[in-house]
Amino acid sequence: MRPQDALPDGLPVALPDAVREALLAPLVDHHCRGVRRDDLVRARFELLITEADAPAPPGTTHFDTPAGAAIRRWCAPLLDLEPHTPPAVYLARRAELGAEEVNRRMLRGAGVAAFLVETSPESPELLSVTETGRHGEAAADEIVRIEQIEHEVAETSGAGVSYISALEGELADRAARAAGLASAIAHRYGLDFDPARPSRGAVIAAANRRLSDPKEPLADPVLLRHLLWTAVEVARAGGLPLQFHTGHGGPEAAPHRADPALMAGFVRALQPMGVPVILLGCRPFHRQAAHLAAAFPHVYVDVGGAPARAGADAVIEELLELAPFHKQLFGSHAHGVAETCYLGALQHRRALARALALRLAADEWSASDAARVAYMIGSGNARRVYRL
Amino acid sequence: MRPQDALPDGLPVALPDAVREALLAPLVDHHCRGVRRDDLVRARFELLITEADAPAPPGTTHFDTPAGAAIRRWCAPLLDLEPHTPPAVYLARRAELGAEEVNRRMLRGAGVAAFLVETSPESPELLSVTETGRHGEAAADEIVRIEQIEHEVAETSGAGVSYISALEGELADRAARAAGLASAIAHRYGLDFDPARPSRGAVIAAANRRLSDPKEPLADPVLLRHLLWTAVEVARAGGLPLQFHTGHGGPEAAPHRADPALMAGFVRALQPMGVPVILLGCRPFHRQAAHLAAAFPHVYVDVGGAPARAGADAVIEELLELAPFHKQLFGSHAHGVAETCYLGALQHRRALARALALRLAADEWSASDAARVAYMIGSGNARRVYRL
Amino acid sequence: MRPQDALPDGLPVALPDAVREALLAPLVDHHCRGVRRDDLVRARFELLITEADAPAPPGTTHFDTPAGAAIRRWCAPLLDLEPHTPPAVYLARRAELGAEEVNRRMLRGAGVAAFLVETSPESPELLSVTETGRHGEAAADEIVRIEQIEHEVAETSGAGVSYISALEGELADRAARAAGLASAIAHRYGLDFDPARPSRGAVIAAANRRLSDPKEPLADPVLLRHLLWTAVEVARAGGLPLQFHTGHGGPEAAPHRADPALMAGFVRALQPMGVPVILLGCRPFHRQAAHLAAAFPHVYVDVGGAPARAGADAVIEELLELAPFHKQLFGSHAHGVAETCYLGALQHRRALARALALRLAADEWSASDAARVAYMIGSGNARRVYRL
Numbered sequence: 001m002r003p004q005d006a007l008p009d010g011l012p013v014a015l016p017d018a019v020r021e022a023l024l025a026p027l028v029d030h031h032c033r034g035v036r037r038d039d040l041v042r043a044r045f046e047l048l049i050t051e052a053d054a055p056a057p058p059g060t061t062h063f064d065t066p067a068g069a070a071i072r073r074w075c076a077p078l079l080d081l082e083p084h085t086p087p088a089v090y091l092a093r094r095a096e097l098g099a100e101e102v103n104r105r106m107l108r109g110a111g112v113a114a115f116l117v118e119t120s121p122e123s124p125e126l127l128s129v130t131e132t133g134r135h136g137e138a139a140a141d142e143i144v145r146i147e148q149i150e151h152e153v154a155e156t157s158g159a160g161v162s163y164i165s166a167l168e169g170e171l172a173d174r175a176a177r178a179a180g181l182a183s184a185i186a187h188r189y190g191l192d193f194d195p196a197r198p199s200r201g202a203v204i205a206a207a208n209r210r211l212s213d214p215k216e217p218l219a220d221p222v223l224l225r226h227l228l229w230t231a232v233e234v235a236r237a238g239g240l241p242l243q244f245h246t247g248h249g250g251p252e253a254a255p256h257r258a259d260p261a262l263m264a265g266f267v268r269a270l271q272p273m274g275v276p277v278i279l280l281g282c283r284p285f286h287r288q289a290a291h292l293a294a295a296f297p298h299v300y301v302d303v304g305g306a307p308a309r310a311g312a313d314a315v316i317e318e319l320l321e322l323a324p325f326h327k328q329l330f331g332s333h334a335h336g337v338a339e340t341c342y343l344g345a346l347q348h349r350r351a352l353a354r355a356l357a358l359r360l361a362a363d364e365w366s367a368s369d370a371a372r373v374a375y376m377i378g379s380g381n382a383r384r385v386y387r388l
Numbered sequence: 001m002r003p004q005d006a007l008p009d010g011l012p013v014a015l016p017d018a019v020r021e022a023l024l025a026p027l028v029d030h031h032c033r034g035v036r037r038d039d040l041v042r043a044r045f046e047l048l049i050t051e052a053d054a055p056a057p058p059g060t061t062h063f064d065t066p067a068g069a070a071i072r073r074w075c076a077p078l079l080d081l082e083p084h085t086p087p088a089v090y091l092a093r094r095a096e097l098g099a100e101e102v103n104r105r106m107l108r109g110a111g112v113a114a115f116l117v118e119t120s121p122e123s124p125e126l127l128s129v130t131e132t133g134r135h136g137e138a139a140a141d142e143i144v145r146i147e148q149i150e151h152e153v154a155e156t157s158g159a160g161v162s163y164i165s166a167l168e169g170e171l172a173d174r175a176a177r178a179a180g181l182a183s184a185i186a187h188r189y190g191l192d193f194d195p196a197r198p199s200r201g202a203v204i205a206a207a208n209r210r211l212s213d214p215k216e217p218l219a220d221p222v223l224l225r226h227l228l229w230t231a232v233e234v235a236r237a238g239g240l241p242l243q244f245h246t247g248h249g250g251p252e253a254a255p256h257r258a259d260p261a262l263m264a265g266f267v268r269a270l271q272p273m274g275v276p277v278i279l280l281g282c283r284p285f286h287r288q289a290a291h292l293a294a295a296f297p298h299v300y301v302d303v304g305g306a307p308a309r310a311g312a313d314a315v316i317e318e319l320l321e322l323a324p325f326h327k328q329l330f331g332s333h334a335h336g337v338a339e340t341c342y343l344g345a346l347q348h349r350r351a352l353a354r355a356l357a358l359r360l361a362a363d364e365w366s367a368s369d370a371a372r373v374a375y376m377i378g379s380g381n382a383r384r385v386y387r388l
Numbered sequence: 001m002r003p004q005d006a007l008p009d010g011l012p013v014a015l016p017d018a019v020r021e022a023l024l025a026p027l028v029d030h031h032c033r034g035v036r037r038d039d040l041v042r043a044r045f046e047l048l049i050t051e052a053d054a055p056a057p058p059g060t061t062h063f064d065t066p067a068g069a070a071i072r073r074w075c076a077p078l079l080d081l082e083p084h085t086p087p088a089v090y091l092a093r094r095a096e097l098g099a100e101e102v103n104r105r106m107l108r109g110a111g112v113a114a115f116l117v118e119t120s121p122e123s124p125e126l127l128s129v130t131e132t133g134r135h136g137e138a139a140a141d142e143i144v145r146i147e148q149i150e151h152e153v154a155e156t157s158g159a160g161v162s163y164i165s166a167l168e169g170e171l172a173d174r175a176a177r178a179a180g181l182a183s184a185i186a187h188r189y190g191l192d193f194d195p196a197r198p199s200r201g202a203v204i205a206a207a208n209r210r211l212s213d214p215k216e217p218l219a220d221p222v223l224l225r226h227l228l229w230t231a232v233e234v235a236r237a238g239g240l241p242l243q244f245h246t247g248h249g250g251p252e253a254a255p256h257r258a259d260p261a262l263m264a265g266f267v268r269a270l271q272p273m274g275v276p277v278i279l280l281g282c283r284p285f286h287r288q289a290a291h292l293a294a295a296f297p298h299v300y301v302d303v304g305g306a307p308a309r310a311g312a313d314a315v316i317e318e319l320l321e322l323a324p325f326h327k328q329l330f331g332s333h334a335h336g337v338a339e340t341c342y343l344g345a346l347q348h349r350r351a352l353a354r355a356l357a358l359r360l361a362a363d364e365w366s367a368s369d370a371a372r373v374a375y376m377i378g379s380g381n382a383r384r385v386y387r388l
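Rendered as structure tokens:
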């Protein structure tokens, strides 16, 4: 079986041709992160399919999770295995094929026309933007994580004013070659940050403290806010969107502070500037994110990143009932193993297929509307917002 | 087709006759706001079907939303158009018929026996309470928004003690002719207000500050709390319920502070006073609201205001599984365009039909219980609580 | 009809034999509280099936709730009545049979192999651990509520250091005979407590204040945190899990502070100690709890306590899509009347049956995986974590 043959079978419901075609059309994956280029032993693979940073408890496995079940069901056929393959068989076949071939099958199987890759220069074991595109037979652009830029600047710049200007310069340079910027302030501090721009004096004082230990990840709220406002200016100048990681990520200390509703004041402050604000992840606060996307003309919401069946179903359904259709963007949230990219795309199509089929069966939507919305969420909105 | 013919067809599932009749019986709409009396150009119409206060981004339309899709599907037939009509055709036909005829068709089509209308005296372009009733061939009573009363008092009263007594007098006067009072403290300040009644001294001091700029919308927490406690006394004396706007409204700065769980301390303080507390809107905090309705004998939860299919479905379902059946109240949340009234009623019936059909199919409820609960939520509870 | 015959009929969908057997296999009920041994008049019975601490409003009944509907539907046959029996008939038959016979039918009908009972020594009208096991023909172990122990110590111990050592001693003694410890800090203070261990000096000062009025329920955050950290040490020494009540309980003043996400910092601090943290209840924050269970190797989430059909359905579904399968534990949350035990078990099986049937129908899971997960959640995980 050729990988791309998996797609047609992947839809769980019968749909009118136009809707089916729209769902199977190439996606724009507006949020993914690199996947590992190297072969992975089981312990490492397990850590890459979980939010935890530790092995599963004795006697258990990270395969006994929604993500693990989905890999065994849906990714196994791409490796020429039967569905529901046991983990050991799956990993043995994966090793036999080698990471490069597996990455190629998964990324191509995702049916993506363009990847927007948030880069992690500190992780040479991840595929680069260019490699991601090549493996997936797709276009590929970079999304620059602004805290990463700050880290580089802090390690090399001088104090005070010099830090400020180096940051502006580096952000502008990197933005000039990117499709967007991304902030992780949700997990560095929290989305309940003071929306006001910090004063220059406060920034210089904080920068001088910062430079005494530049290897530390940035956590100072004054500098995080300064970085954000600098990024807003760079984004405005370049016509770029600004992505925000929101919602639950890993074993962070303050998951409740990743609710995007907490940044409504900042969102409102940004409204006159015309910089699109993209809320990534969002779960379990996706209804809050959908509200912001409905209430503010410059806010968009990401519908991806749920590897499990029903997770994707519930999120897709709840967003489709709350957020404007022109404000929803597909993202695979691929990270670590290429399986996450394939599953992100597959589950998006499956969940959206189910949600649309419900509306068609009840004669609530027309087939042409359903097809149009599938295109919008799958690629059209991203092409418009990111000017691809 | 006569408008009222739309109702029988509107139910999405087959149901026993008794249940169907209960669902199609006239509703009491315990929360609506006025609809516009004037003809509307497209730009204005679009702004009235969205939570946003700005046009949709270039290249998009507020019709590409759950509400827009519902209008095209369900309201078009009431204007003698095919379902799924394009927006331009819909609006052309709407203009052709004229606002008065459209309002009449929509309000009558909603199948409502009594409207409780929250008034906005500052908006002469909205239908009055009496007009709403006449257009809908229904009874109509007023719900008085207490912040509106305060605004009128602040503009005309003297300072300090005079402000306090004028407020008491005006609230009592207006309450004497109303079916209930409503507070918008959620969006003026937040539901995390101090539940204690402010001291008289603090109120006088705040009132004096307030009167130096009475045109400003009230945002001072001391005066908002004083207003609320004054309203509680007036409501108690008159046997009236006190409604609270909760949940996500528009592009407010602090959507997370509209969670009704935040006012549990205030709710508890009110318990001995016997004033019914009605939680309006609630989404996405409807599970929190359902909990309060289950845990406190004087708390009620509103199940309306979801114009889109699945939004209504999820909310109806989640409330039906958590809140006592005698604590749920239907409200259309009609606001701005009459379509919102028709859709509010239609989606309530459709969503409740689906939820009841699930329970009947699984033999979890009897048909007579299902019918009884449909009557309770649709009108019985409101008649009891508002003493209609 | 013998009570145990109700189970096979209780599954709402057809399933492969292996899955059906796994669902009907005896459960480990890792969280229940005692049920009343005495006959109950209607007013008392109604108060035991609601979260409220007050009668339903005039003209209404606590039977018109999800729990009431479930009792009339599912428990009536165990008392030899028709499904959907009116409340008066149900209660008359209940009185006729007597509490002991009813308790026996309900507890046995639950199909539980082992009960973990959180004890309330102050409530002699509740069945003891031993009696619960005997009535249910099951094993039974105790879960010790640590605030209860503190209460006993505060009433009998001397001041300062003496309080501290008495608390340590009593907790260790009680833990030696228990299967786990439980904390109610969520409803005594809130889960947003300071995760740091309080200093010995602060504890002694607070203890001295406390002992001036030891009859009061403990609410001081320093002593609550000290109690918790003492319990952590005792749990570690004894290899016991530590349960936390979370989510909405009764008419508490701060339901939003029962979100388990608020204690992520404390959870992280506990990670190196290897003490399993069990999140009980959780609703409506079960997605937050599922995230903690996914992100931290020592965190588990309870999937029980939803007496109504769809409540259980939604929670089971949302947990199954987010939490590792080896981290989910069934608990009936039985409390007050034995019906809650029977319904907790029945609704767990019904809801899990529906969730698994969806996955099987879409060929997303294999039948053997579905059966395995049903066993894990129903009993296997609890046997491992509680070392039964």
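These protein sequence lines are chains H, D and L, in that order.
All residue numbers for the first sequence refer to the UniProt record's numbering, where the first residue is 1 and numbers rise by one.
All residue numbers for the second sequence refer to the UniProt record's numbering, where the first residue is 1 and numbers rise by one.
All residue numbers for the third sequence refer to the UniProt record's numbering, where the first residue is 1 and numbers rise by one.
The beta carbon of each residue, even a glycine, is placed where N, CA and C say it ideally should be.
query	result
Reference alanine 207 (chain H), options H:Pro221, H:Leu262, H:Ala76 and H:Arg36, closest by Cα	H:Pro221
As assigned by DSSP and simplified to three states, the class of tyrosine 300 (chain L)	strand
Within chain H, partners of glycine 250 (chain D) - CB distance below 7 Å	Ala295
Test: tryptophan 229 (chain D) CB closer than 8 Å to a CB of chain L	no
Test: aspartate 192 (chain H) CB closer than 8 Å to a CB of chain L	no
Beta-bridge partners of glycine 336 (chain D), as assigned by DSSP	D:Val35
Proximal residues, the stretch 316 to 340 of chain L versus chain H, C-beta separation under 9 Å	Glu317, Glu318, Leu320, Glu321, Leu322, Ala323, Pro324, Phe325, His326 and Lys327
Counterpart residues of glutamate 118 (chain L) in DSSP-defined beta bridges	L:Arg33 and L:Ile143
Chain C residues whose Cβ lies nearer than 9 Å to that of alanine 264 (chain H)	As a matter of chain content, chain C is missing from the structure shown, whose protein chains are H, D and L.
Cross-chain neighbours of glycine 59 (chain L) in chain D, by beta carbon under 7 Å	Arg384
is_contact[serine 366 (chain D), chain L] using C-beta, thresh 8 Å	yes
Contact test: methionine 263 (chain L) Cβ vs the ligand SAH heavy atom, cutoff 7 Å	Within the structure as shown, the ligand SAH is missing, as the structure has no ligands at all.
Contact set between alanine 52 (chain L) and chain D, taken where Cβ atoms lie within less than 9 Å	Ala294, Ala295, Phe296, Pro297 and Pro324
Cutoff 8 Å: histidine 348 (chain H) Cβ touching any chain D Cβ	no
Limits of the beta strand (DSSP E) - the one that alanine 71 (chain D) falls within	Note that residue 71 (chain D) is isoleucine in the sequence shown, not alanine. Run containing isoleucine 71 (chain D): none; DSSP gives neither H nor E here.
Inter-residue spacing [alpha-carbon to alpha-carbon] between phenylalanine 296 (chain H) and alanine 323 (chain H)	11 Å
Any chain D beta carbon closer than 8 Å to aspartate 369 (chain L)	no
Alpha carbon of alanine 113 (chain L) to alpha carbon of asparagine 381 (chain L), nearest angstrom	14 Å
Cα-Cα separation between arginine 309 (chain D) and valine 102 (chain D), rounded to whole angstroms	Model confidence at arginine 309 (chain D) stands at a pLDDT of 47, short of 50, so the residue's coordinates are unreliable; what they give is reported in the following sentence. Rounded to the nearest angstrom, the two C-alpha atoms are 22 Å apart.
Nearest-angstrom Cα separation, counted from glutamate 170 (chain H) out to isoleucine 149 (chain H)	7 Å
Range covered by the alpha helix (DSSP H) that runs through glycine 180 (chain D)	No alpha helix (DSSP H) holds glycine 180 (chain D); the beta strand (DSSP E) holding it covers 180 to 183.
Residue burial classification, lysine 215 (chain D) (beta-carbon count within 10 angstroms, cutoff 16)	exposed
Neighbour flag for aspartate 64 (chain L) against chain D, beta carbons, 8 Å	yes
Supposed close pair alanine 99 (chain D), phenylalanine 115 (chain D) - CB separation, criterion 8 Å	About 18 Å; that fails the 8 Å criterion.
Touching by the beta-carbon criterion (3+ pairs, under 8 Å), the stretch 17 to 24 of chain H and the stretch 345 to 364 of chain H	yes
Stretch pair the stretch 238 to 256 of chain D + the stretch 243 to 256 of chain H: three plus CB contacts closer than 8 Å	no
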